[in-house]
Structure formats: C-alpha cells, structure tokens
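K.L.:
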Amino acid sequence: MALKIGRGAAARPFLVMDVIAAANAKAAANAKAAAAPPGAPGVIRMEVGQPGTGAPRGAAEAAIRALRAGAPMGYTEAFGLPSLRARIARHYQDHYGVAVAPSRIAVTVGASGAFPLAFLAAFDPGDRVAMAVPFYLPYANILTALGMAPVLLPCDAATRWQPSLAMLEALDPPPDGLILASPCNPAGTMLPPDEFAAIAHWCEANGVRLVSDEIYHGLTYGTVPEATAAGCSASAVVVNSFSKYFSMTGWRVGWLVLPEDLVRPVECLAQNFFISAPHIAQVAAEAAFGCIAELEANRARYRRNRDLLLAALPGMGLDQLSPADGAFYLWADIGHLTNDSPAFAARLLAEAGVATTPGVDFDRPRQPLSAPQLLRPGGGHGGGGGPDGAVAWPARRMTMRRMLPGTA
Ligand SMILES: Cc1ncc(COP(=O)(O)O)c(C=O)c1O
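Heads up: the sequence shown runs through residues 59 to 466, numbered per my numbering.
1) Output the distance between the C-alpha atoms of Gly280 and Gly128, rounded to the nearest integer angstrom.
2) Hey, how far is the Cα of Leu73 from the Cα of Pro381?
3) If you count every other CB in all the chains shown that lies within 10 Å of the CB of Arg475, and 16 or more means buried, which is it?
4) Could you tell me the alpha carbon to alpha carbon distance between Ile63 and Tyr197, rounded to whole angstroms?
5) Can you tell me where the alpha helix (DSSP H) with Met374 in it begins and where it stops?
6) DSSP has Asn298 in a bridge; who is on the other side?
7) Is the beta carbon of Leu316 sitting closer than 8 Å to the one on Ala164?
8) Under the three-state reduction of DSSP, which class applies to Leu433: helix, strand or coil?
9) Around the C-beta of Arg148, are 16 or more other C-beta atoms found within 10 angstroms, so that it is buried, or is it exposed?
10) Please indicate yes or no: does the CB of Tyr194 lie closer than 7 Å to some heavy atom of ligand 1?
11) What do you get for Glu344, buried or exposed, if any count of 16 or more other CB atoms within 10 angstroms of its CB means buried?
12) Given that a residue counts as buried once 16 or more other Cβ atoms are within 10 Å of its Cβ, and exposed if not, what is Pro174?
13) Using only the alpha-carbon positions, how far apart do Val418 and Met189 sit?
14) Could you tell me the alpha carbon to alpha carbon distance between Gly184 and Cys261, rounded to whole angstroms?
15) Following a CB-centred definition, is Ser380 positioned closer than 7 Å to any heavy atom of ligand 1?
16) Please confirm whether Ala258 and Ala294 have their CB atoms less than 8 Å apart.
17) Suppose the cutoff is 8 Å on Cβ atoms and the five residues either side in sequence are ignored; what does the same chain contact list for Leu236 look like?
18) Tell me the start and end of each unbroken alpha helix (DSSP H) in the stretch 195-258 that is at least 4 residues and wholly inside, in chain order.
19) Under the three-state reduction of DSSP, which class applies to Pro426: helix, strand or coil?
20) Under the three-state reduction of DSSP, which class applies to Asp76: helix, strand or coil?
21) Mind checking whether the beta-carbon of Asn243 lies closer than 7 Å to any heavy atom of ligand 1?
22) With DSSP run on the structure shown, which of helix, strand or coil describes Asp365?
23) In this structure, does DSSP put Trp451 in helix, strand or coil?
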C-alpha cells in the first residue's frame, strides 16, 4: 500500500542547485580531459551567491584555538553563546546607531534556519505573507511547506524590482505578513531608506508582521544607504547571517533580531527544532567581527566585479540589467535572445563554460505570461572563477560572441 507523502515534499527544486551540479560535472570533465589550455580559467562560476573567499583569517584562527584548547563544543543555549549575542547587539549600535538588547538576538543555523522559526512564531497555517517577485525561492517554498500562503507582488524595473507602498495598499484585505529584502536576491536592488521606513510604518499601522531579510547588508556599493527594520519598527523581525558579508557560508550561522513578543515563542521553537547553532561556528562568528579590514577588501572585489559586469554586458547585447545596489547579483533580460532561460543557461555553460542561473527560479509565476526571460549572473565568486575572468578571457569571449550577438 502506498503511504502518504506530506505536503512538505511538494517543495519545488531550487534550480540553481542543479546548475551547480552541472557546473561541477563540467569542471571535473575539463580537468580530466585537460581540455583547457594552460593558464585558462576553468568553468566561470557565476551561478550561486556565495563568497569565493573562506572565513576571515581571525575567525578561522579562533576556531582552531578553541579546538586545540580541547573545548568540548557541546550544545550552546538555544539562542546562542551569550558573548556572540552581545557582540551582534553591539553591531547594531556601531553600524546603524540602533540600540538592540542582546536578549532580542537569536543565533540560528544560518538565515535558512531562522525562516521556519520566524514564520512559525509569527504566522498560522492559512496566513497570507506578501513578497516581491522576483524573490528568493525558499521564502515561498518554506511558507508553503508550513501551510502558509505566499502573496506574490509582481515587480519590475519601474520600482527597482522592490515592492511599493501603493502595491501594499492595494491588497484587500492586507496580508498577515510581508517579507522585504534590501538588497534583494536576485536583482541586488535596494529600497531607499525613506521608502523602507514608510513600508515598515504601514506594516505596523495595518497589523502586518514585517520580516526583513538583511542578509546582504554590508555588501552594498554606496548607491543607496542601508536601513535596518530594527531601527524603524518595534514589531519587525530581522533576519541576517554570517554567510555573505562575513564570508562564512558553510559554517551555517545566522541570527534574528526579534520583537519582544516573539522572543519566548522563537526560543521554544529553537529549543525543539535545532537545540542550538553549531558551537564551533559561533566561536568563529564572534571573532569575525574583528576582521573588518579583510572583509572590506572582499567587498571591494565584489564592487569591481559588479562594475565590470555592468560595463561589459551591455556591449555583449545584455543591456537590460538591474541597477544592482548591493549583493552579488544582476538580473538580466534576455527576452531578445531566447524564450527559454534554462536552455540558454545550459548552453552558456556547455559552450562558453560560464555558469549562470536561469531566472525561472525567481519568477516562475509570470513565466507562462511573460515574454522576457531572465538570467541571473552572480558576482560573488573570487579565486579566478569570478566575472573578471569571464569577461577578460579571449577564447571565452569568442564563444560568448556567438551566443550574444552584441558582443564586441
Ligand atoms: C536572500 C537570501 N536569504 C537567505 C539566504 C540563506 O542564507 P544562509 O546561508 O544564511 O542560510 C540566501 C542565500 O543565498 C539569500 O540569498
């Protein structure tokens, strides 16, 4: 007899993970066949948003010291090491000038581990949670798996791919929650601080729980100032992580800034779901706050990569690009080249050795309707795999010229 399979198993795949697998396979095949000429870059990895750098030196050394000292690395308190929580709280004062009590900080298993805790504490099955489209796919998949209903707000270049107050006011009834991400994945665009604050105030006035994903804070390039929801709303939930600016993706540590009414509910959920974030990662994360010079050098590299892509892609025929204010990404319209972004991304990988992400991952709802097909080149990778190599290497340019008619 076939047994029941729960609705969580209906979560759609995150296509970028398939691109990663294909890019890994191609890189391995290249290496085996010694196909690439000496000195040529291998597969240019622009498909996934993770820093090419590892944990900053001081963070890695703190972890090594702790292990050498024989620290048993047991569970921590569910909300994390008190010293790390205090250090994160201080970061809000230092970086944004906002006072946050350490008791409101919850250390989590990455931002990914924070989402189910925040959603379960703030919402019930059936609750409607709004978000801009294109969006980071796991928001909708996690909400759906928990029985909640994503409300999708189609956004485009007119609002810099971000939701507007007018879009929210048009929702009748108002949703139960709103997810904001500024900078966002996949477009890298930000909400100016006054618009961000206006949306946060609208949420408070209308009983809408704001969840602000601030994971790309720190990775901004000076075009729009960063605004934290912790500074303009007492009821908002802030999600952040050591995965991006702090360059500690695989250490799996993030945090929440919680409104007072959600502190105990989230703590109870965290105790049951995860017990605690990895102890060793918390030790390293605390030390990462002392590594700002190294992290700022990383940021300078991302900015160069972004500037390089923004300057070079129009000459290759990709001239409709999101004005990325931060994060690692550009959102590129390829509607004039193809109506099938997954096939185009597959060809770009097979023929030019450039791994990008098809936009359908981030905007499936409009897919059947929309002529424009979108591609997301990330810019986060270092170590020879970044866009600097993709644009500069002559042989690769020749292949891209065949695919992108405007390529000079
Ligand atoms: C917008 C956004 N939020 C959250 C995450 C998850 O990050 P973490 O590694 O902290 O789980 C990502 C990862 O790419 C992301 O792009």
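Cβ coordinates follow ideal geometry from the N, Cα and C atoms, glycine included.
P.N.:
Taking the coordinates as given:
1) Position 222 of the sequence shown, counted from the first residue, corresponds to residue 280. Position 70 of the sequence shown, counted from the first residue, corresponds to residue 128. Roughly 43 Å separates the two Cα atoms.
2) In the sequence shown, counting from the first residue as 1, residue 73 sits at position 15. In the sequence shown, counting from the first residue as 1, residue 381 sits at position 323. When rounded, the distance between both Cα atoms is 24 Å.
3) Nothing in the structure corresponds to residue 475, since the chain is present only between 59 and 466.
4) Taking the first residue of the sequence shown as 1, we reach residue 63 at position 5. Taking the first residue of the sequence shown as 1, we reach residue 197 at position 139. One C-alpha to the other measures close to 22 Å.
5) Position 316 of the sequence shown holds residue 374. Met374 -> no alpha helix (DSSP H), and no H or E assigned at all.
6) For the purposes of this step, residue 298 is identified with residue 240 of the sequence shown, where counting begins at 1. In the DSSP assignment, Asn298 is bridged to Trp313.
7) Residue numbering aside, residue 316 sits at position 258 when the sequence shown is read from its first letter. Residue numbering aside, residue 164 sits at position 106 when the sequence shown is read from its first letter. Yes, the pair counts as a contact, with Cβ atoms nearer than the cut-off.
8) Position 375 of the sequence shown, counting from 1, holds the residue named residue 433. Leu433: strand per DSSP, three-state reduction.
9) Sequence index remark: in the sequence shown, residue 148 carries index 90 (1-based). Burial call: exposed.
10) Taking the sequence shown and counting its residues from 1, one reaches residue 194 at position 136. Tyr194 has its CB nearer than 7 Å to a heavy atom of ligand 1.
11) Against the sequence shown, residue 344 aligns to sequence position 286. So Glu344 counts as buried.
12) Numbered from its first residue, the sequence shown carries residue 174 at position 116. Looking at its Cβ environment, which holds 16 or more other Cβ atoms inside 10 Å, Pro174 is buried.
13) On the sequence shown, residue 418 is found 360 positions in, with the first residue counted as 1. On the sequence shown, residue 189 is found 131 positions in, with the first residue counted as 1. The straight-line gap from Cα to Cα measures roughly 16 Å.
14) Stepping through the sequence shown from its first residue, residue 184 is reached at position 126. Stepping through the sequence shown from its first residue, residue 261 is reached at position 203. Approximately 19 Å, taken between the alpha carbons.
15) Numbered from its first residue, the sequence shown carries residue 380 at position 322. Not so, every heavy atom of ligand 1 lies at least 7 Å from the Cβ.
16) Taking the sequence shown and counting its residues from 1, the one referred to as residue 258 is at position 200. Taking the sequence shown and counting its residues from 1, the one referred to as residue 294 is at position 236. Yes. Within cutoff.
17) Counted from its first residue, the sequence shown places residue 236 at position 178. Excluding positions up to five away in sequence, the list reads Val187, Ala188, Met189, Pro221, Leu226, Ile257, Cys261, Val266, Arg267, Leu268 and Val269.
18) Counting only runs of 4 or more, we get 195-203 and 223-227.
19) Here residue 426 is taken as the residue at index 368 of the sequence shown, counted from 1. Only weak support is given to the placement of Pro426: the predicted model assigns it a pLDDT of 42, under 50, and the value that follows is read from those uncertain coordinates. Reduced to three states, the DSSP call for Pro426 is coil.
20) Within the sequence shown, residue 76 is the residue found at index 18, counting from 1. In this structure, Asp76 counts as helix in the three-state DSSP scheme.
21) The residue you call residue 243 lines up with position 185 of the sequence shown. Answer for Asn243: yes, Cβ within range of ligand 1.
22) Translated into positions along the sequence shown, residue 365 becomes position 307. Asp365 falls in the helix class under three-state DSSP.
23) In the sequence shown, residue 451 corresponds to position 393, counting from 1. Its pLDDT being 49, under 50, Trp451 is placed unreliably in this model, and the coordinates cannot settle the point.
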